[in-house]
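One structure below.
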Amino acid sequence: MYDLIIKNGYVVSPSSTVQCDVAVQGRMIAGLGHYEETEGRRVIDASGKYVLPGVIEAHMHCMAPFQGALGANSFYEQSISAAFGGVTMYMDFANMGKGDSPYKQALARADEMKESAIDYSVHGKFVESTPEAIADIEKMAESGIPTFKMFMTYKKEGVMSDDETMLKVFEKAKQVNGLPMVHCESNGIAEINIEKCEAKQDFSWVNFAKCKPVLCEAEAFARAVYFAEYVGNALLVVHTTNGEALNTARRAHGKGLPIYVETGPHYLTLFDDLYQGENGHLAICSPPLRTPKEAQELWEGLQDGTILLTGSDDCTFDVDEKSMFLEKNPDGTWKQDFRKVVNGMSGIEIRLPLLLSEGVSKGRISINKVCELTSTNIAKIYGCYPQKGIIAPGSDADLVLVDMEKEVTLSKDVLHNNISYCLHEGFKVKGYPVMTISKGKVIVENGEFKGKQGDGEFIKRKIHPVYLERYGLN
Ligand code: URP
Ligand code: ZN
Ligand code: ZN
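Note that the working numbering numbers the sequence shown so that position 331 is 642, with each residue one more than the last.
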């Protein structure tokens, strides 16, 4: 007798969509095939639905002090919102300041995440390369934390890694089968542009995007790729927004270099016209939103395999936090000053729906590609495959049932986070997660959350060396 049988769904993997049943025993998938209803303690009829491996969110910032803000969701609340978006595991970053131990900060972060209802992990973060900090890399890798994040900007915030830090982290990461992750924006280009805004005293939302143009990102992207090539290690570039950067990645891939590129659904679906609105500050994120041209370049990057990963870069800041340092004009409008607005936007719950709708329903990518981009590839490159990221015997029974006919108008009222706005307000999607199963337990069903605080576990990760030696996750 199995604990659960999911009957008749279209079971999706990167390479196939097969109509069959999934049998679950305890926390694991026991088998795929055809089972009698009498063989299951509970049977879920998934006829007409797609069954995908649970979404993995490897890029979010929850309860992470940044630019004076913290975020509106606790980790438990974040796990609820995530689960409604089909997410069954998430990863966040250690909070780091100069003088902190990256290892201790990573462990402390994992401790904070214990209240999560879904499984979790943490990335190390580097802001300097003291011998002590670099020595922590080995300890982190041994503790199941083989990913190390660096920012090439945010110097004023005290979290930028300089070139030497990047090179030293890259070198050490290589020795322990680790993977550096980099936020690519040239601090220099951004800063000289901000100085020009200072000269004109014009800090409008629109100017935020102008201070960080495509080349601001592309220069840093190319520098990071050259550093990785020089050191001979793998690299993951987060939240890539444009074809200029993708062309650098393509050149690297042509040489077989393991340069992995992530983009986020906001860069595929939202554009810089939002900065023209009075509430454009709510859309301030780094890199900034671009134009439909760059979004099209990203779709092409997803289609041709230049981009193998997606992440929401979720930062659930409510209006009060986005506006906390701003003043108003006498007519009640915002005195626009992008320097005073925390960077980041919410998105963990809508990453899967946006990819299903704008990707699969609109014929741009297959549902198998969505499976790779939201789960399988992420599990592989971040080192938790095949425990996560695939529907196969022995893997965790982390599953999301998707109804490709379900139409939803996105709105703050349909989402489950703690904020009072939605940048996709009124955006219609076709294709939506309708049930989420975490380690064999149904945690979202009929629009209700059924998970439990603290049911999430820390997942130790180890990256297969083959992915770090040459480009590709097959
Ligand atoms: O604007 C963003 N993305 N804020 C969060 C921090 C980061 O850069 O990822
Ligand atoms: Zn970033
Ligand atoms: Zn981020």
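Glycine residues also receive a C-beta, built at the ideal position from the N, C-alpha and C atoms.
Item                                                                                                                                 : Value
Heavy atom of ligand 1 within 7 angstroms of residue 497 beta-carbon                                                                 : no
Identity of the residues DSSP links to residue 377 by a beta bridge                                                                  : 380
Within 8 angstroms, strictly: CB atoms of residue 390 and residue 427                                                                : yes
Coil, strand or helix - residue 635 by DSSP                                                                                          : coil
Residues that DSSP places opposite residue 756 in a beta bridge                                                                      : 746 and 759
Spatial distance of residue 654 from residue 378 (CA atoms)                                                                          : 8 angstroms
Inter-residue CB distance, residue 694 and residue 772 (contact presumed, cutoff 8 angstroms)                                        : 4 angstroms
Contact between the stretch 653-668 and the stretch 735-751 (3+ Cβ pairs under 8 angstroms)                                          : yes
At least 3 beta-carbon pairs within less than 8 angstroms: the stretch 595-614 vs the stretch 336-346                                : no
Nearest-angstrom Cβ-Cβ length linking residue 684 and residue 613, presumed shorter than 8 angstroms                                 : 7 angstroms
Alpha carbon of residue 501 to alpha carbon of residue 509, nearest angstrom                                                         : 12 angstroms
Residue 550 Cβ short of 7 angstroms to ligand 1 heavy atom set                                                                       : yes
Neighbourhood of residue 624 by C-beta distance below 6 angstroms, restricted to the same chain and skipping five residues each side : 370, 550 and 575
Nonlocal neighbours in the same chain, by C-beta distance under 8 angstroms from residue 592, ignoring five residues either side     : 516, 633, 634, 637, 645, 647, 649 and 652
Environment of residue 597 [buried if 16+ CB atoms lie within 10 Å]                                                                  : buried
7 angstroms CB neighbourhood of residue 393 in its chain, flanking five on each side removed                                         : 368, 401, 429, 659 and 660
As assigned by DSSP and simplified to three states, the class of residue 688                                                         : helix
Rounded straight-line distance, which links the Cα of residue 730 to that of residue 628                                             : 7 angstroms
Residues that DSSP places opposite residue 257 in a beta bridge                                                                      : What is shown of the chain runs 312 to 785, which leaves residue 257 out entirely.
Check: residue 624 C-beta below 7 angstroms from any heavy atom of ligand 1                                                          : yes
Reference residue 375; option with closest CA among 420, 396 and 720                                                                 : 420
C-beta atoms of residue 258 and residue 782 nearer than 8 angstroms                                                                  : The question about residue 258 has no answer, for the chain in this structure spans 312 to 785.
Pick from 406, 487, 737 and 330 that is closest to residue 581, judged by C-alpha positions                                          : 737
Beta-carbon proximity of residue 626 to residue 372, cut-off 8 angstroms                                                             : yes
Element boundaries [beta strand (DSSP E), containing residue 404]                                                                    : 398-404
Bridge partners - residue 458, DSSP secondary structure assignment                                                                   : 490
Boundaries (first-last residue) of the beta strand (DSSP E) holding residue 434                                                      : 430-436
Local conformation of residue 394 per DSSP, three classes                                                                            : helix
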